[in-house]
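Visitor: Here it is, the structure, as structure tokens.
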Amino acid sequence: MAASLANETNAAGLRHDERVEKLKLFGLSAPALLIVFVVLVIPVGWLFYLSFLGADGTFSLENYTRMIDRKSYRRIFEMTFEVSVLTTALTILIGYPMAYFLAQLPNRLASVFMIAVLLPFWTSLLVRTYAWLVLLQKQGLINQWAIALGFWDEPIKMVHDLNGTLIGMVHIMLPFLILPTYGAMKSIDRDLMKAASNLGASPKHAFWTVFFPLTIPGLFAGALMVFILCLGFYVTPAVLGGGKVIMVSMKIVSNIEMFVNWGAASALGVVLLIMTMIILWIASKFLNLDRIAGGGH
Amino acid sequence: MTARNIEALPISVSHVTKTYGKVHALNDVSLEVKSGEFLTLLGPSGSGKTTLLMVLAGFTRPDSGSLKFGDREVIRLAPHLRDVGMTFQNYALFPHMTVAGNVSYPLKLRKVPKAEIAERVENALETVQLVGYGDRRITQLSGGQRQRVALARSIVFEPRILLMDEPLSALDKKLRDQMQIELRHLHEKLGMTTVYVTHDQREALTMSDRIAVVNHGRIMQLAAPRDLYEQPANRFVADFIGDSTFLPVHRQGKGVAFGDMPLKIAGSVPDAKDLQLMIRPERITLARDNNGESSNRFSAVAREVVYQGDSYLLQSELADGTLITMRGAVRGANLSVMPSVGDQVMLNLEPDDAVVIDGSED
Ligand SMILES: Nc1ncnc2c1ncn2[C@@H]1O[C@H](COP(=O)(O)OP(=O)(O)OP(=O)(O)O)[C@@H](O)[C@H]1O
Ligand SMILES: [Mg+2]
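Chains as they are written, first to last, in the working numbering: chain A, 1 to 297; chain B, 1 to 362.
Rendered as structure tokens:
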């Protein structure tokens, strides 16, 4: 009896402290929860609600059945995926070697180059997109110089189509891929490559069996982010696509601006949101989503 | 069990130099490691131990010098062609592979048939006492287990030379002591030429056939553990190994003297200008009687007494202010009584234990 009494010493007081601490923590996070609720949950709920309103303002599924019935909608979704997949693939092909290059540099030099990579982040998206237009169009700088230098004779069409869109989008997306990939590369212990080499691996073999596999989580995180951002992209395909690249986001805009059909636009938004969530859900099976947000490994 | 005895190779390092800016990481190092020998590089931090090991493995390109494995000059050979086993200070295990994946890596590279790979991995894991751990992930292992996996990986392809850079430094003392014995047994069993790096003198004394004491990129002394301890070549080596007290001495007639007290020494006096008497703490004792005819006696005052369980440390001050450290045994009360601070004590140093060394630092 005495022993069990002794074990209860201060128990009530400690439980009380624990409760108070939890309440305080909740109190501290309450403002953040409120903001999330106001700016996220309510608008998305509203979007959801709107998407089920027909043209006459009553409940209807017409906004969704339209997407299935009309070929043009299907084409838009296909286009969105095509552009996103191509952009992601190109970003990986260009971004991975760039990240590798950065990771090999001595730290001070690496930060200089890193600023160059990040510079686009600090410039307006619109400015960058129009800058590409200036460079790529028929009377643009690239055509003028190439003709002046004799690389080709006739101006080449490089913009107002899929190619132009991809060039612009890849450029904008590169930092999103390079940063997590670079992070993964930097966190690889240099001794691992030495160990591989010591065990008999040629530099090429050591790269493919040790270095590359260890960078996959970072690369995957970057690629996922790029892909998801691409799905909702608007400005760049609108400016550089020349009307030939119509993505979901552009259809949303035209639904509202030209047809003032909030229901149709909302339904598109909902579908886009659900697709993104499905992709994230699948991806979370393969990797810790914390990494995308730069969390610990 | 079936570990084959490896046909070992001698290593011959001659005149190897490596500088980083103004730092002489290796300063004209020459060293012969005998076939099958366990040689330890011992030295303080920054002395060049890792650099020398990296030169042997091929990761650091020296400025000049020659390196031979057996008769073959390898100084310009790429690391992946050298065929030496190596364990890294932080193990460098591949985190994306299992234990078996790590251990089989060098075998797959050598295109060993699948069945044989499985067998040899199993054998290697048995050698390091990790049978049944093949499917574990590296992150699921303790420090000691990682160390063993690293070891298994470095011996599984039966390299004729094994390099180890402070392999035990991350382990706790008990595990370290145990692994020291195991590594030693493993070396006896497999018999590859081994170069081992440590800055732990006891580890070096426990494990090695010979020890090379390194300082400022140079080899100060290369000798068997016992010779190194008993007859250090200079003050640096004497100081680095053991916690000795040094008393300045000078020649007097045929012998040497400390102040005006002639010393009785059994060994020879080195041919050097600056001479010092080295007093190992465990070799000096409290005199039990007053007839000091056959030994050296120092009268002193006890300044500090520290009880350490298996022994006690006594620091006493000579008339001229020099502090002498003594380690006394804690045994039956009559045999050895711990003095108290302030006591007058008489220290006894037998001629056999009175070693005069070259007092220069290198
Ligand atoms: N890559 C490098 N660049 C510049 N200096 C270096 C480099 N590697 C080693 N050094 C210098 O060379 C000297 C020897 O270094 P080394 O790593 O061989 O020491 P060590 O004996 O292994 O020390 P520790 O016990 O701390 O591991 C040191 O002064 C070190 O600063
Ligand atoms: Mg070192």
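Where is the CB? At the ideal position from N, CA and C, for every residue including glycine.
All figures in this text were calculated on a predicted structure; none of them were measured in a lab.
(1) Closer than 6 Å between the C-beta and any heavy atom of ligand 1: which residues qualify, listed along the chain?
(2) Cβ of ASP191 of chain A versus every heavy atom of ligand 2: is any distance shorter than 7 Å?
(3) Under 7 Å Cβ-Cβ, which residues of chain B neighbour ASN107 of chain A?
(4) Do LEU41 of chain B and LEU52 of chain B have their C-beta atoms within less than 8 Å of each other?
(5) For ligand 2, any of its heavy atoms closer than 7 Å to the Cβ of ASP165 of chain B?
(6) Output the residue ranges of the beta strand (DSSP E) runs that lie fully inside the stretch 217-285 of chain B and measure 3 residues or longer, sorted by chain position.
(7) When the Cβ atoms of the stretch 232-251 of chain B are set against those of the stretch 58-69 of chain B, are three or more pairs found closer than 8 Å?
(8) Alpha carbon to alpha carbon, what distance is there between LEU86 of chain A and TRP262 of chain A?
(9) Can you tell me which residues form a DSSP beta bridge with LYS68 of chain B?
(10) For TYR298 of chain A, does the three-state DSSP call read helix, strand or coil?
(11) Compare the Cα-Cα distances from HIS363 of chain B to each of B:MET54, B:PRO167 and B:HIS15 and report the closest residue.
(12) Rounded to a whole number of angstroms, what is the C-alpha to C-alpha distance between ALA3 of chain B and TYR196 of chain B?
(13) Against SER29 of chain A, what residues of chain B qualify as contacts under a CB-to-CB distance less than 7 Å, listed in chain order?
(14) Kindly indicate which three-state DSSP category SER316 of chain B falls into: helix, strand or coil?
(15) For the alpha helix (DSSP H) that contains HIS24 of chain B, what are its first and last residues?
(16) Would you say ASN90 of chain B reaches chain A, if we count a Cβ-Cβ gap shorter than 8 Å as a contact?
(17) Name the chain B residues that come within less than 8 Å of ASP189 of chain A, Cβ to Cβ?
(18) So, for MET114 of chain A: in the same chain, excluding its five sequence neighbours on each side, which residues have a beta-carbon less than 7 Å away from its beta-carbon?
(19) Please name the residue, chosen from B:VAL330, B:TYR312, B:LEU347 and B:ASP310, that lies closest to ILE324 of chain B on a Cα-to-Cα basis.
(20) Should the stretch 92-102 of chain A be called in touch with the stretch 214-223 of chain A, which here means at least 3 C-beta pairs below 8 Å?
(21) Can you give the Cα-Cα distance for PHE48 of chain A and PHE259 of chain A, rounded to whole angstroms?
(22) Can you tell me which residues form a DSSP beta bridge with GLN344 of chain B?
(23) Which chain B residues sit within Cβ distance under 9 Å of LEU214 of chain A?
(24) Taking the alpha-carbon positions, what's the GLY259 of chain B to ASN290 of chain B distance?
(25) Could you name the residues of chain A that PHE59 of chain B contacts, counting a contact when the two beta carbons are closer than 9 Å?
(26) Quick one: does PRO106 of chain B have its CB under 8 Å from some CB of chain A?
(27) In chain B, which residues lie with their C-beta within 7 Å of the C-beta of ALA201 of chain A?
(28) Once the 5 residues before and after SER12 of chain B are set aside, which same chain residues still bring their CB inside 6 Å of it?
(29) When the distance is taken between beta carbons, is GLU230 of chain B closer than 8 Å to SER295 of chain B?
(30) ALA8 of chain B to LYS285 of chain A, Cα distance in whole Å?
(31) Kindly confirm or deny that the stretch 244-264 of chain B and the stretch 205-219 of chain B touch, where touching means at least three C-beta pairs closer than 8 Å.
(32) Given PHE227 of chain A, which residues of its chain have a CB within under 6 Å of its CB, disregarding the five upstream and five downstream residues?
(33) Counting beta carbon pairs with one atom in the stretch 153-170 of chain A and one in the stretch 239-259 of chain A, are three or more of them shorter than 8 Å?
(34) Say whether the stretch 72-87 of chain B touches the stretch 148-168 of chain B, bearing in mind that this needs 3 or more beta-carbon pairs closer than 8 Å, one atom from each stretch.
(35) Helix, strand or coil for PHE286 of chain A, going by three-state DSSP, please let me know.
Guide: Judging by the given coordinates:
(1) B:TYR20, B:VAL23, B:ALA25, B:GLY43, B:SER45, B:GLY46, B:SER47, B:GLY48, B:LYS49, B:THR50, B:THR51 and B:HIS199
(2) no
(3) Going along chain B, no residue has its Cβ under 7 Å from ASN107 of chain A, so there is no contact; the nearest lies around 17 Å.
(4) yes
(5) yes
(6) 218-223, 245-252, 255-258 and 275-279
(7) no
(8) 30 Å
(9) B:SER12 and B:GLU73
(10) Nothing can be reported for residue 298 of chain A: it is not among the residues displayed for chain A, which extend from 1 to 297.
(11) Given a span of 1 to 362 for chain B in the structure shown, any question on residue 363 of chain B remains unanswerable.
(12) For ALA3 of chain B, the predicted model reports a pLDDT of 45, less than 50, meaning its position is unreliable; a value from the coordinates is still stated below. ALA3 of chain B and TYR196 of chain B: Cα-Cα distance of roughly 21 Å.
(13) None at all; the shortest Cβ gap to chain B is about 31 Å.
(14) strand
(15) From DSSP, HIS24 of chain B is part of no alpha helix (DSSP H) but of the beta strand (DSSP E) over 23-33.
(16) yes
(17) ASN90 and ALA92
(18) LEU102
(19) B:LEU347
(20) yes
(21) 19 Å
(22) B:VAL301
(23) PHE94, PRO95 and HIS96
(24) 21 Å
(25) LYS194, SER197 and ASN198
(26) yes
(27) HIS80 and LEU109
(28) GLU32 and LYS68
(29) no
(30) 49 Å
(31) no
(32) SER84 and THR88
(33) yes
(34) yes
(35) helix
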